[in-house]
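Student: Mapping to the working numbering: the sequence shown position 267 is 409, numbers consecutive. Yeah, the Cβ is synthetic: ideal placement off N, Cα and C, and Gly gets one too. Quick one: this structure, given as structure tokens, is what I'll be asking you about.
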Amino acid sequence: SIASLYEPCRSSILPLMVKEDENLRLATTLTGMAWSVMASIGSGLGGYFVAEYGMTACFVLDSASYAMSAWLLYRIGGEWQALSDGERNNHGNESIRKQIENMIVMGWKYVVTSSFWPLVFMKSTTSLVYGGSDILNVSFAEEDPFSTKEEQSKKLGTLFLCVGLGCFIGPILFEPFTRIDKPKTVLDACVFSFLFQAVGCLVMGYFRPFSMTMLSTIVRSAGSSILWIDSQVLLQLAVKSDMLGRVVAIDYGFALAAEACSAMVAGLLQDNYNVKPREVSSIMGMEALFFFTLWWCYSTFGSDDVFQTIKENSESEQSTTKLDKRREEMRATERTKLLPHCV
């Protein structure tokens, strides 16, 4: 529940902190890579702590890391405003409940009437692919009937480490092929990321050795990371800053719901229908191929309106930035003129 509040806020505040489009792409990529490092190191440490010191020590370490994160967030300085003074005054006259209701309704209306609405479902499609991976990772870690609980914990931690490693490598591999001034390249990166996910899932489904499971996990997670980061960049470019928080919340809500559905289906297939974990992984691979075809058709035949919206938003943001700089220069000039009278 807390994560569902944090992620939209974190994603929507980035464009307010980083104004230039190219720097915004780099900032979004860096935040994704930071998560990847956290996932790889944290997962390895988690598996080690559970095996050596038990579950309680692992949760204590996890709580300490959250406290450190909260302190770092508190240390971030600056003031950012998505709304004008007049808009904030209008909302200030409404009750909190009314503000929330209006924001939800306005957010949905904005998405439904927009040209970019298909992008809101991009994360949810990749979530449908990788959502069952956590369930499968547990099955793969326990696949050897002769392994001990400690060995299974270390294997599970290793697989999650591979997830973090893949998420770190993926954006680096695709970064030379994407340009923020050519958003079509960013969308194409999202589309072809499904091929990485398909290859990873299919290899995992057909090759049993644990080393191949590790390698395929890296490939699959690289694909999901590329899509997650680049789809976020596309939304940041296409959505107005005062609506970005609401759009990201809708986008993230769909993604979480899809991930939960995928995990539930993966568990049901194994428990109720006796489908083997490797077979479930193969199904996920075919699912990724289906979504690759779907998004390739959209990128090829239906994305022109999105790029036009991105172009208009970029021009509008540049004009706003120049106006803000001009206002700040005028304020500085006025302060300089008033300074002798204040002495």
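What three-state label does DSSP hand arginine 321 in the structure shown?
Tutor: strand
Student: Using the beta-carbon count (16 or more within 10 Å), is arginine 350 buried or exposed?
Tutor: exposed
Student: Straight-line CA distance for serine 353 to glutamate 284?
Tutor: 15 Å
Student: Could you have a look at glutamate 476 and say whether DSSP puts it in helix, strand or coil?
Tutor: Note that glutamate 476 scores a pLDDT of 44, beneath 50, so its modelled location is shaky and nothing firm can be said.
Student: Applying the 10 Å Cβ sphere with the 16-neighbour rule, what's the burial state of tyrosine 394?
Tutor: When all chains shown are included, tyrosine 394 counts as buried.
Student: Nearest to valine 345 by CA position, among Phe336, Phe334, Val361, Ser335, is which residue?
Tutor: Val361
Student: Quick check: what's the CA-CA separation for arginine 388 versus isoleucine 155?
Tutor: Separation of arginine 388 and isoleucine 155 (C-alpha to C-alpha, rounded to the nearest whole angstrom) is 12 Å.
Student: Along the alpha helix (DSSP H) that carries aspartate 413, what are the first and last residues, could you check?
Tutor: 386 to 413
Student: In the structure shown, what three-state DSSP assignment does leucine 481 receive?
Tutor: The predicted position of leucine 481 is uncertain, since its pLDDT is 42 and thus under 50; a value taken from the coordinates is nonetheless stated next. Leucine 481: helix per DSSP, three-state reduction.
Student: Given glycine 312, which residues of its chain have a CB within under 6 Å of its CB, disregarding the five upstream and five downstream residues?
Tutor: Ala364, Ser367, Ile368
Student: So, methionine 245 versus serine 373, is the Cβ gap smaller than 8 Å?
Tutor: no
Student: Would you check if the distance between the CB atom of serine 275 and the CB atom of glutamine 412 is smaller than 8 Å?
Tutor: no
Student: Does leucine 166 pass the burial test, meaning 16 or more other C-beta atoms within 10 Å, or should it be called exposed?
Tutor: The residue in question, leucine 166, is buried, as its Cβ has 16 or more Cβ neighbours within 10 Å.
Student: Let's see if you can read the secondary structure: which residues bound the alpha helix (DSSP H) around isoleucine 360?
Tutor: 352 to 380
Student: Taking only the alpha-carbon atoms, compute the straight-line gap between alanine 176 and glutamine 294 and give it to the nearest angstrom.
Tutor: Distance between the alpha carbons of alanine 176 and glutamine 294: 27 Å.
Student: Given this structure, state the Cα-to-Cα distance separating asparagine 455 from phenylalanine 288, to the nearest angstrom.
Tutor: 59 Å
Student: Can you round the beta-carbon distance between phenylalanine 449 and lysine 326 to whole angstroms, since I take them to be within the 8 Å contact cut?
Tutor: 6 Å
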